[in-house]
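K.L.:
Quick one: this structure, given as structure tokens, is what I'll be asking you about.
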Amino acid sequence: MVILLMSLVYLPGEQGVSARALVQEFAASSAVKADNALTRAEAASMLSRVTQLPKPDMADAASVFPDLDKHSSRSDVRKLVALGMIAKNDYPKGFQPDKAVTRFEIMKWMASGLAASDESFKQALADTAHTLLPTPETYKGGIADKQIPYIAVIRGTGIITGMQDGTFRPADPVSKAELAASLLRYKRVEGTKAEGYQALNELREVGLTGSNLSSITKFKYERVTYFNNDGTYKPEAVASAGIDLEQHIDVSTLEPYLRIPGIGLDYHHFVNGYSKRYKFVRLEELGMSLKDAIADAYDTGYMPHLGVEDPSKLSQKDLNLILSHEDATLKVEGSRMPFTSFADVVDSPIKAKKVATAKLHRMIFVDVPVTGKGEAKGVYANYFADTIASWGKLDNSVYMAFTEMTIQTHSDKMDIMTFYGAIGNGNGNGFFKFSRLAPETLDKNGLTTVPMATSTYFTKDSVRRFWTFGTYLKKYRDPVHLTTDSGAYFRAYYQP
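According to the numbering used here, the residues represented by the sequence shown are 1 to 496, in order.
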């Protein structure tokens, strides 16, 4: 007699009905109870029946894993291999079908299935390779680096969100009941787009930039300025640049410009009152002297400009040279410039005079509402839940920014107040408030924060890595910004 212990898995509403049916269906074919550990063969058979991926070409997988030749699961396992859900290289000693399947194996099979179902999930796996998983195992151990992206994709899509304590326990076995519930959620996700999952968007952004700022907040990154520090224009922002050539110009005065790689003639004409490029011809392809080419352009109704086909690829030196001419023309498009990003300042030194040097590693945001007006939002809300709760009653909605940083101390005497008085580029932007995380958050997740007695913590030549946090009141809409000593910076504005 088979007893189905569904209490092991949270199965609300219609999901519970479908999951129970799935467990019952597989339980009927085996003596293994719903709460007993599954074998690799049993798990593969369940996943094989749930996936909606197109029927694969079995030619290359027909003989994979010789230890399956006489096993009842051979067709299901080999199907998953052909689909790309099971990687042959993960099992160099054979599939060993009767061995207990682990939680990580299930997560990797499912994440690989999502990647096979849509290219966006394949990209999500790449994006999350260096993300911060919101689990105690990130700092306490238990998850290998190579496991991170697969767990991130499964966590980000909500297929598996972890145990009640936030752990994923990748080496643990899986029961039928657990897998049935996960398969139900997997079936809904397979074939969709990775961008449709808020939690996954946050994990992807953190993996790429070190912060989830644009995924969870209403702050939007500012574009990089198209000016250099000396006031000159950056080539990548230039849409067009050249020198207007008068009909009877002395071409000998153009000699310095003719040495620019790719230099040639831009032929322009007016269309609806606007000057537009008709064609571009490199000097060596004109088939005549520059003087004759200029005259020919005017004779045929075109206005010639000396320039290059793609000015955004000019060297800074050559762009400056062109713009130094009295008849130079320039069109700059700010939209050509990339957006600033927290990634631009990660691990970039910020000196506090001769006292210390700081580096930021991560900046994690949680959306915290007015007390009594709902729950904190974001994939990291539960990770920092105790610290959020300890902040007390909130009369205004805020973003809490949890920052991981390193401070190397150079002075014999350094405490928080000394640092406040010495910090330069980082001053006033909320990164160095040094609010301490709650003890419960530290204990649960294995994190470190600034101690009460900072003078004995920041000793000379010490290197301390820790977490702290600051708050940003939404109603004030102050920008989030930081400039490091190298000139690297980011700036983000609140956009309701």
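The C-beta atom is built at its ideal place from N, Cα and C for all residues, glycine as well.
(1) Using DSSP's beta-bridge definition, name the partner residues of residue 365.
(2) Which class does residue 464 belong to by DSSP, given the choice of helix, strand or coil?
(3) Mind listing, in chain order, the continuous alpha helix (DSSP H) runs of no fewer than 4 residues lying wholly within the stretch 369 to 453?
(4) Roughly how many whole angstroms lie between the Cα atoms of residue 236 and residue 62?
(5) How many Å lie between residue 156 and residue 198 at the Cα?
(6) Keeping to the same chain, check which residues put their C-beta closer than 7 angstroms to that of residue 341; ignore five residues upstream and five downstream.
(7) Just the Cα atoms here: how many angstroms apart are residue 473 and residue 396?
(8) Considering only residues of the stretch 286 to 338, which uninterrupted alpha helix (DSSP H) runs meet the minimum length of 4 residues and lie entirely inside it, listed in chain order?
(9) Report, in whole angstroms, the separation of the C-beta atoms of residue 238 and residue 319, which I expect to be a contact under 8 angstroms.
(10) Can you look up residue 128 in the DSSP assignment and give me helix, strand or coil?
(11) Is the CB-CB distance between residue 355 and residue 394 below 8 angstroms?
(12) Could you check which residue in 53, 123, 50 and 86 has the C-alpha nearest to that of residue 64?
(13) Are the CB atoms of residue 402 and residue 467 within a distance shorter than 8 angstroms?
(14) Is there contact between the stretch 75 to 91 and the stretch 40 to 52, where contact requires at least three CB pairs shorter than 8 angstroms?
(15) Quick check: what's the CA-CA separation for residue 281 versus residue 377?
(16) Determine, using beta carbons only, whether residue 435 and residue 469 come nearer to each other than 8 angstroms.
(17) What is the rounded straight-line gap between the Cα of residue 268 and the Cα of residue 328?
(18) Look at the Cβ atom of residue 152, then the Cβ atom of residue 135, and state whether they are nearer than 8 angstroms.
(19) Could you check which residue in 495, 131 and 283 has the C-alpha nearest to that of residue 258?
(20) Looking at C-beta atoms only, is the number of pairs between the stretch 188 to 196 and the stretch 112 to 122 that lie closer than 8 angstroms three or more?
(21) What is the rounded straight-line gap between the Cα of residue 247 and the Cα of residue 298?
(22) Kindly list the residues whose CB is nearer than 7 angstroms to the CB of residue 431, restricted to its own chain and excluding five residues on each side of it in sequence; keep chain order.
(23) I'd like to check one pair, residue 224 with residue 338: are the Cβ atoms closer than 8 angstroms?
(24) In chain order, what residues of the same chain have a beta carbon less than 6 angstroms from the beta carbon of residue 172, not counting five sequence neighbours either side?
(25) Let me check understanding here. Comparing Cα to Cα, which of 76, 234 and 154 lies closest to residue 379?
(26) Exposed or buried, residue 264, counting other C-beta atoms within 10 Å across all chains shown (16 or more means buried)?
(27) If you measure between the beta carbons of residue 109 and residue 80, is that distance less than 8 angstroms?
(28) Go ahead and pull the three-state DSSP assignment for residue 457.
(29) My understanding is that residue 332 touches residue 226, with C-beta atoms under 8 angstroms, so please give their C-beta distance in whole angstroms.
(30) Would you call the CB atoms of residue 200 and residue 43 closer than 8 angstroms?
(31) Between the Cα of residue 57 and those of 373, 66, 75 and 40, spot the shortest distance and give me the residue it belongs to.
(32) Which of the three DSSP states is assigned to residue 192 in this structure?
(33) Considering only the alpha carbon of each residue, which of 164, 214 and 159 lies closest to residue 187?
(34) What's the gap between the Cα of residue 477 and the Cα of residue 317?
(35) Which same chain residues, not among the five before or five after residue 486, have their C-beta less than 6 angstroms away from its C-beta?
(36) When the Cα of residue 335 is compared with those of 312, 357 and 295, which residue comes out closest?
P.N.:
Concretely, from the data shown:
(1) Residue numbering aside, residue 365 sits at position 365 when the sequence shown is read from its first letter. Note: residue 365 sits in a beta bridge opposite 401.
(2) Taking the sequence shown and counting its residues from 1, the one referred to as residue 464 is at position 464. Residue 464: strand per DSSP, three-state reduction.
(3) DSSP assignment within the stretch 369 to 453 yields the following whole alpha helix (DSSP H) runs of 4 residues or more, N-terminal first: 385 to 390, 416 to 422 and 439 to 445.
(4) As a working note, residue 236 is residue 236 in the sequence shown. As a working note, residue 62 is residue 62 in the sequence shown. If I take the Cα positions, the gap works out to 52 angstroms.
(5) Taking the sequence shown and counting its residues from 1, the one referred to as residue 156 is at position 156. Taking the sequence shown and counting its residues from 1, the one referred to as residue 198 is at position 198. Approximately 7 angstroms between the Cα atoms of the pair.
(6) Counting from one through the sequence shown, the residue named residue 341 turns up at place 341. So the list reads 209, 221 and 490, once near-sequence residues are dropped.
(7) Here residue 473 refers to the residue found at position 473 of the sequence shown. Here residue 396 refers to the residue found at position 396 of the sequence shown. C-alpha separation (whole angstroms): 7 angstroms.
(8) Runs of the alpha helix (DSSP H) inside the stretch 286 to 338: 290 to 299 and 316 to 323.
(9) The sequence position of residue 238 within the sequence shown is 238, counting from 1. The sequence position of residue 319 within the sequence shown is 319, counting from 1. Contact holds; Cβ gap of about 7 angstroms.
(10) If you number the sequence shown from 1, residue 128 lands on position 128. Assignment of residue 128 by DSSP, reduced to helix, strand and coil, places it in the coil class.
(11) Residue numbering aside, residue 355 sits at position 355 when the sequence shown is read from its first letter. Residue numbering aside, residue 394 sits at position 394 when the sequence shown is read from its first letter. In this structure, residue 394 does not lie closer than 8 angstroms to residue 355 by Cβ.
(12) Walking along the sequence shown from the start, residue 64 turns up at place 64. Of 53, 123, 50 and 86, the residue nearest in Cα terms is 86.
(13) Here residue 467 refers to the residue found at position 467 of the sequence shown. Here residue 402 refers to the residue found at position 402 of the sequence shown. Yes, the pair counts as a contact, with Cβ atoms nearer than the cut-off.
(14) yes
(15) Within the sequence shown, numbered from 1, the residue matching residue 281 stands at position 281. Within the sequence shown, numbered from 1, the residue matching residue 377 stands at position 377. The alpha-carbon atoms of residue 281 and residue 377 are separated by roughly 57 angstroms.
(16) Along the sequence shown, one-based indexing puts residue 435 at 435. Along the sequence shown, one-based indexing puts residue 469 at 469. Yes, they are a contact pair.
(17) Along the sequence shown, read from residue 1 onward, the residue named residue 268 stands at position 268. Along the sequence shown, read from residue 1 onward, the residue named residue 328 stands at position 328. Taking the straight line joining both Cα atoms gives about 15 angstroms.
(18) Here residue 152 corresponds to residue number 152 of the sequence shown, with the count starting at 1. Here residue 135 corresponds to residue number 135 of the sequence shown, with the count starting at 1. The answer is no: Cβ separation not under 8 angstroms.
(19) Taking the first residue of the sequence shown as 1, we reach residue 258 at position 258. When each option's Cα is compared against that of residue 258, the closest is 283.
(20) yes
(21) For the purposes of this step, residue 247 is taken as the residue at position 247 of the sequence shown. For the purposes of this step, residue 298 is taken as the residue at position 298 of the sequence shown. Their Cα atoms are separated by approximately 7 angstroms.
(22) As a first step, residue 431 is located in the sequence shown; it is residue number 431 there, counting from the start. Result list for residue 431: 360, 403, 470 and 482, in chain order.
(23) Looking up residue 338 in the sequence shown gives position 338. Looking up residue 224 in the sequence shown gives position 224. In contact: residue 338 and residue 224 (Cβ atoms closer than 8 angstroms).
(24) As a working note, residue 172 is residue 172 in the sequence shown. Result list for residue 172: 103, in chain order.
(25) Walking along the sequence shown from the start, residue 379 turns up at place 379. The shortest Cα separation from residue 379 among 76, 234 and 154 belongs to 154.
(26) One-based indexing of the sequence shown puts residue 264 at position 264. Its Cβ being crowded by 16 or more others within 10 Å, residue 264 is buried.
(27) Position 109 of the sequence shown, counting from 1, holds the residue named residue 109. Position 80 of the sequence shown, counting from 1, holds the residue named residue 80. In this structure, residue 80 lies closer than 8 angstroms to residue 109 by Cβ.
(28) Walking along the sequence shown from the start, residue 457 turns up at place 457. Three-state DSSP puts residue 457 in coil, outside helix and strand.
(29) As a position in the sequence shown, residue 332 is number 332, starting the count at 1. As a position in the sequence shown, residue 226 is number 226, starting the count at 1. About 6 angstroms separates the beta carbons of residue 332 and residue 226, which is inside the 8 angstroms limit, making them a contact pair.
(30) Mapped onto the sequence shown, residue 200 falls at position 200. Mapped onto the sequence shown, residue 43 falls at position 43. In this structure, residue 43 does not lie closer than 8 angstroms to residue 200 by Cβ.
(31) Taking the first residue of the sequence shown as 1, we reach residue 57 at position 57. Cα-wise, what sits closest to residue 57 is 75.
(32) Here residue 192 refers to the residue found at position 192 when the sequence shown is read from its first residue. Coil at residue 192, not helix or strand.
(33) Stepping through the sequence shown from its first residue, residue 187 is reached at position 187. Of the listed residues, the one whose Cα sits closest to residue 187 is 159.
(34) Here residue 477 refers to the residue found at position 477 of the sequence shown. Here residue 317 refers to the residue found at position 317 of the sequence shown. C-alpha separation (whole angstroms): 40 angstroms.
(35) Along the sequence shown, one-based indexing puts residue 486 at 486. So the list reads 348, once near-sequence residues are dropped.
(36) As a first step, residue 335 is located in the sequence shown; it is residue number 335 there, counting from the start. Ranking the options by Cα distance to residue 335, first place goes to 312.
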